[in-house]
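Written below as structure tokens is the structure these notes are about.
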Amino acid sequence: MQSIKYIAKEWDYSFKSMNWWNREKVKNAKVMVVGCGALGNEVIKNLVFMNIAHIVIVDFDEIEYSNLSRSILFDQTNAKNAKRKVDAVKEKITHINDSVHIEAIYADIRFGVGLSLFNDVDVIISCVDNRLARLFINKYAFMFSTPWIDGAIENISGKVKVYQKGESCYECNLSETERQDIQAKLSCADVEAEVHLHGSIPTTSIAASIIGAIQVQEALKIIHGYQDKLMSTSLYYEGLHNLYLNYDENNKNMDCHCNCKDITVQTSGLSNQALLIDLFSEIDTTYEHSNPIILLRNPFVTKVQLVEVNKTVNVSLPKYRLKNHFEETVVLLDHTDKIDRQFAHRHYSLEQLGINDCDIIKYIGDDGRIKFLNLNPKS
Ligand SMILES: [Zn+2]
Numbered sequence: 005m006q007s008i009k010y011i012a013k014e015w016d017y018s019f020k021s022m023n024w025w026n027r028e029k030v031k032n033a034k035v036m037v038v039g040c041g042a043l044g045n046e047v048i049k050n051l052v053f054m055n056i057a058h059i060v061i062v063d064f065d066e067i068e069y070s071n072l073s074r075s076i077l078f079d080q081t082n083a084k085n086a087k088r089k090v091d092a093v094k095e096k097i098t099h100i101n102d103s104v105h106i107e108a109i110y111a112d113i114r115f116g117v118g119l120s121l122f123n124d125v126d127v128i129i130s131c132v133d134n135r136l137a138r139l140f141i142n143k144y145a146f147m148f149s150t151p152w153i154d155g156a157i158e159n160i161s162g163k164v165k166v167y168q169k170g171e172s173c174y175e176c177n178l179s180e181t182e183r184q185d186i187q188a189k190l191s192c193a194d195v196e197a198e199v200h201l202h203g204s205i206p207t208t209s210i211a212a213s214i215i216g217a218i219q220v221q222e223a224l225k226i227i228h229g230y231q232d233k234l235m236s237t238s239l240y241y242e243g244l245h246n247l248y249l250n251y252d253e254n255n256k257n258m259d260c261h262c263n264c265k266d267i268t269v270q271t272s273g274l275s276n277q278a279l280l281i282d283l284f285s286e287i288d289t290t291y292e293h294s295n296p297i298i299l300l301r302n303p304f305v306t307k308v309q310l311v312e313v314n315k316t317v318n319v320s321l322p323k324y325r326l327k328n329h330f331e332e333t334v335v336l337l338d339h340t341d342k343i344d345r346q347f348a349h350r351h352y353s354l355e356q357l358g359i360n361d362c363d364i365i366k367y368i369g370d371d372g373r374i375k376f377l378n379l380n381p382k383s
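Under my numbering, the first residue of the sequence shown carries the number 5, and numbering increases by one thereafter.
Here's what the structure looks like:
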């Protein structure tokens, strides 16, 4: 009679003999991946293979046929249906390893994600293709002292860099040309200019595999607490000649926000479905600031000019939602990013004002100091 070899049905059965592996740490780990393109696919695939318990994925794009040549988690039916990338990833991952919990957020990281996520995760892996998103991740990761790992690919080459507060900062290491390019984009009043151009960067699944694998390897070191083994320089991989180059990009700019002290976050029982007047009342009763000024991350717009038809229109929308309402070019006429108790739309919900679920609200208290208030904290 043929003997049957018993193999335990444990996903990480073979990992247990690796002396650096710690099942408990991996089981409790939470990682956010920003961007579900070629690089994001590889990163998420590796995180799922390594059995990372909680993965938050953020992307605001739909699948096109051209994505299929380098995205292991998408298929032709997804492309035919123009399925959202985050939904396709979540569905596929559930089939591969159902012990991994995926939180899929269909949003632009700069506008549609509650900031407390930056505080809740152990590490952020950036798989984006533009500087504005990287700058945003850098800013809010450092606000909560969360490390983040940047990856970039082009053709058969790529780059990886680990950023940690006090050690290395993306913003501090921008070149003058890169700073000017960012400033030009940020100062542009035209809403259309805020929309990312979905340029298709020429690259391959091979570059994505190499760079995405190194990003996840560094993330595993952070999860395990191996700080001394983390990559301290930028790694540039040049595929044509098989070169691995290390650059020291740890410049520090003393004016950069990365030098700020860690912030203290107050807690609130409100969700973003609460009304603005409820928020004022909560700040007053719980934190004793009777005349706070709320500082909006996304300006609230009340009047715009439609350029093509030369018409002025009254609106009540966060700036980033204008593009869903107007197809034509829009110029902002009236908008604000500061709100006090006299604000005309004080009966609006926080969501209507552009504040996200689990967001962190910034306000100036009666003492003139800036405070941070966490909406509906999950932990
Ligand atoms: Zn900096």
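All C-beta atoms in this analysis are idealised placements derived from N, C-alpha and C, irrespective of residue type, glycine included.
Asked	Found
At a threshold of 7 Å, does residue 257 count as lining ligand 1 (C-beta to nearest heavy atom)?	yes
Apart from the five residues on each side of it in sequence, which residues of its chain come closer than 6 Å, Cβ to Cβ, to residue 4?	No answer is possible for residue 4: it lies beyond the span of the chain, which begins at 5 and ends at 383.
Cα separation between residue 196 and residue 28?	Only weak support exists for where residue 196 lies, its pLDDT of 44 falling under 50; the value from the coordinates is given anyway. Distance between the alpha carbons of residue 196 and residue 28 is about 46 Å.
Please specify which runs of the beta strand (DSSP E), each continuous and at least 3 residues long, are wholly inside the stretch 128 to 188, giving them in chain order.	152 to 158, 161 to 167
Is residue 331 near ligand 1, with its Cβ less than 7 Å from a heavy atom?	no
Who are the near neighbours of residue 17 in its chain, counting only those whose CB is closer than 6 Å to its CB and skipping five residues on each side?	none
Which residues does DSSP list as the beta-bridge partners of residue 304?	322, 340
State the CB to CB distance for the pair residue 162 and residue 241, rounded to an integer number of angstroms; the pair is presumed to be in contact (CB under 8 Å).	5 Å
Helix, strand or coil: how does DSSP classify residue 15 here?	coil
Between 379, 164, 334, 252, which lies nearest to residue 211 when the distance is taken from Cα to Cα?	164
Suppose contacts are defined by Cβ-Cβ distances below 8 Å. Is residue 125 in contact with residue 153 by that definition?	no
May I ask you to check if the CB of residue 2 is nearer than 7 Å to at least one heavy atom of ligand 1?	Look at the range of the chain in this structure, 5 to 383, and you will see that residue 2 is not part of it.
Buried or exposed: residue 298, going by 16 or more other Cβ atoms within 10 Å of its Cβ?	buried
Using the three-state DSSP reduction, which class does residue 197 fall into: helix, strand or coil?	Note that residue 197 has pLDDT 45, beneath the 50 cutoff, so the model's placement of it is unreliable and the number below is only indicative. Of the three classes helix, strand and coil, the one that applies to residue 197 here is helix, per DSSP.
According to DSSP, simplified to helix, strand and coil, what is residue 330?	coil
Just verifying my parser: in three-state terms, what is the DSSP assignment at residue 244?	coil
Starting from residue 355, follow the alpha helix (DSSP H) in both directions and report where the run begins and ends.	Element bounds for residue 355: n/a, residue is neither H nor E.
If you run the structure through DSSP and keep just helix, strand and coil, what is residue 289?	helix
Assuming residue 91 is part of the alpha helix (DSSP H), what are its boundary residues?	89 to 100
Of the choices 177, 134, 150, 93, whose alpha-carbon is the least far from that of residue 113?	134
With a threshold of 7 Å, establish whether the CB of residue 176 neighbours any heavy atom of ligand 1.	yes
Following a CB-centred definition, is residue 362 positioned closer than 7 Å to any heavy atom of ligand 1?	no
Quick one: any contact between the stretch 129 to 148 and the stretch 72 to 91, if contact means 3 or more CB pairs under 8 Å?	no
Given a cut-off of 8 Å on the beta-carbon distance, is the pair residue 234 and residue 227 in contact?	no
According to DSSP, which residues form a beta bridge with residue 277?	Beta-bridge pairing links residue 277 to no other residue.
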